[in-house]
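Colleague: Sharing a structure with you now.
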Amino acid sequence: MTQSEFFKILSLTERGTTDILAQKSLAYSHLAPFMNELTLVELLGWVNSNKSLLRLPLIIDDSHLQVGYNEENIRQFIPQNRRKIKKFESDELFEQ
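Below, the structure written as structure tokens:
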């Protein structure tokens, strides 16, 4: 991941690195004692050398970030007009 991609992802979070790091991972447990001393560039180096530090999937567009799999939240990446069509089709199935 490039530095600009990393900073873009962080800009879309609510709580910074807390939102994107897999805090229950073994890799994170090794890194945790040093977290407050790392710069973001150093953290990016750790992430690039050990992808298990990230919560996955990370889905981004220009203004949205989805961390982890949540079917309802992933819908924000589908254009609104497409979401309305899908909802209409789903509603019709339940009415039958």
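Numbering (numbering that gives the first Met the number 0), first residue to last: 0 to 95. Virtual Cβ for every residue (Gly too), placed ideally from N, Cα, C.
Among residues of its own chain, excluding the 5 on either side of residue 59, which ones have a beta-carbon nearer than 8 Å to its beta-carbon?
Modeller: 7, 8, 11 and 65
Colleague: Hey, how far is the Cα of residue 31 from the Cα of residue 62?
Modeller: Computed Cα separation, rounded: 29 Å.
Colleague: What are the start and end residues of each continuous alpha helix (DSSP H) run of 4 or more residues lying completely inside the region 11-79, in chain order?
Modeller: 16-19, 25-30, 39-48 and 70-73
Colleague: Please state if the CB of residue 26 and the CB of residue 49 are separated by a distance shorter than 7 Å.
Modeller: In this structure, residue 26 lies closer than 7 Å to residue 49 by Cβ.
Colleague: Leaving out five residues on either side along the sequence, give the residues of the same chain with a beta carbon under 8 Å from the beta carbon of residue 43.
Modeller: The residues are 0, 2 and 5.
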